[in-house]
Amino acid sequence: MIRRPKALIAALLAAGILAVGALWAFTSASTGIDAATRDRLFKELVDSRSDEPKLGLPRDWHACVGGVARLADKNASRIECDTWTAQGVTSTLVALREGDAFVPVVESRLEVASEDGRYVIDVVGGPGGEPFLVRRGTTDEFFDRLKDAGLTPNIWGDMRVSPYRHLMGRGFTIASVGYWGTNIRTLGAADEIEMAFADVAAAVDFYRDQAGAEPALVTTSLGNHIALGALGRERLERMNVLAVVPVMDGLQHHLQRNRRENVEKREEAEAKGEPFGEWTTFNIYSKTDSGIAFDHSQVLPLHDYVPRYVGGRDLAFREVRPRGACSRIVLGNKDPRTRDYLAARPGRTKRLIVLNADHDLAKDDPQSVRSIFRDLAQCLVRQEA
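Residue 150 is where the sequence shown starts when you use our numbering, and the numbers rise one by one after that.
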């Protein structure tokens, strides 16, 4: 039996490679760590709080707004904060000016690609999701070692197999928006999703103005609904959008179903003193007299955070009728978020793709997900021609 060192767990969590939710499985009895130690580690993690932003992108952004962006020309609409390259992909953290504030965006392209103004806007899922990027210092060998250690990194992070590679391989730059509620920053405030709308609208408008045409979008999970709230249904329908696992019946339907189905699971977990649900690290900011400033980072339960973040917003995606030539909606037939929707509509349209998968499509059917992104890239190139 192989004993995984606790140091590896801490390092992966700090770097963001291993999600907090995965810690529970990773430190199960089968890994060689006994249940008592596992429970203690998780409790220490949940109870921990840091005065520093989480390592990686959250800390990079904190340094950006604390220095580079503040010192930049007040007329500059786009400010480059930092750039790094790994696995043949270059990611650049930029700050887009939105009035007196800034919107974090990570622009990623192949290392050999030129900056030709061809962008695909990425609105990631969440809350707590991370914008698409290549991690500093990662190598092919790094991901191979993770697999050897019994971990299965998702395909988004390994640039050899990432679906985004198809888009970057066609010369597109992925501009991934770090809206309020991603792992970069949150206020933990009620109805914070409204601030996310403003961030995404500002980013899409910026790249549209740069290119002189609406950019294509990739929107995932909650990112679909943030894009809908940011751009409005009519504008979104005209754009080329790859909508991955939206909640077709709306956010309120999802929240109500989730509460109803998890009552017994939550009571059982609490009775055993075990953690319930998914947890993730947030970098919490607060409003001060001089603006918004970083306060602390802390692990929070999503089942408490999400309802507060969403508030009364519904944004049912079933109302959206995409008309862009490259637009597709991709759902999983095992996903409880879309189970009721698919059951009521046995018929399919050419714009609706249903995979034999749960909400995490890439985990259950990575090959199909890569094919869908390849088809999107090819379609966008044909549209340009």
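Backbone N, C-alpha and C fix where the C-beta goes; we use that ideal spot for every residue, glycine too.
Query	Result
Using DSSP bridges, identify the partner residues of Arg-227.	Leu-245
Expressed to the nearest angstrom, what Euclidean distance is found between the alpha-carbon atoms of Ser-581 and Arg-258?	Past the boundaries of the shown model lies residue 581; the chain is included only from 150 to 534, so the question cannot be answered.
Suppose you measure from the CA of Gln-532 to the CA of Arg-357; what does that come to, to the nearest Å?	16 Å
Just mark Pro-207 as buried or exposed, buried being the case when its beta carbon has 16 or more other beta carbons within 10 Å.	buried
In chain order, which continuous runs of the alpha helix (DSSP H) of length 4 or greater are located wholly inside the segment 499-533?	510-513, 515-533
Determine, using beta-carbon pairs with one atom in the segment 377-397 and one in the segment 406-419, whether at least three such pairs fall under 8 Å.	no
Short check: CB of Val-255 to CB of Leu-242, under 8 Å?	yes
Judging by CA-CA distance, which residue of Val-269, Arg-523, Arg-519 is the nearest neighbour of Thr-322?	Val-269
What first and last residue would you give for the alpha helix (DSSP H) that runs through Val-390?	It is not in any alpha helix (DSSP H) - Val-390 instead sits in the beta strand (DSSP E) that spans 390-393.
Return yes when the Cβ of Arg-500 is within less than 8 Å of the Cβ of Arg-477, no when it is not.	yes
Which whole-angstrom value describes the C-beta separation of Leu-464 and Leu-480, a residue pair presumed to lie in contact below a C-beta threshold of 8 Å?	No, Leu-464 and Leu-480 are not in contact; Cβ-Cβ is about 16 Å, not under 8 Å.
With a threshold of 8 Å, are at least 3 pairs of Cβ atoms found where one atom belongs to the segment 444-451 and the other to the segment 209-219?	no
Where does Val-217 sit, in a helix, a strand or coil, going by DSSP?	helix
Return the first residue and the last residue of the beta strand (DSSP E) that Arg-409 is part of.	That residue, Arg-409, is in no beta strand (DSSP E); its alpha helix (DSSP H) goes 400-421.
Checking 8 Å against the spacing of the C-beta atoms, do Gly-460 and Ile-375 come in under that value?	no
Between which two residues does the beta strand (DSSP E) carrying Gly-481 extend?	477-481
Checking 8 Å against the spacing of the C-beta atoms, do Ala-365 and Glu-247 come in under that value?	no
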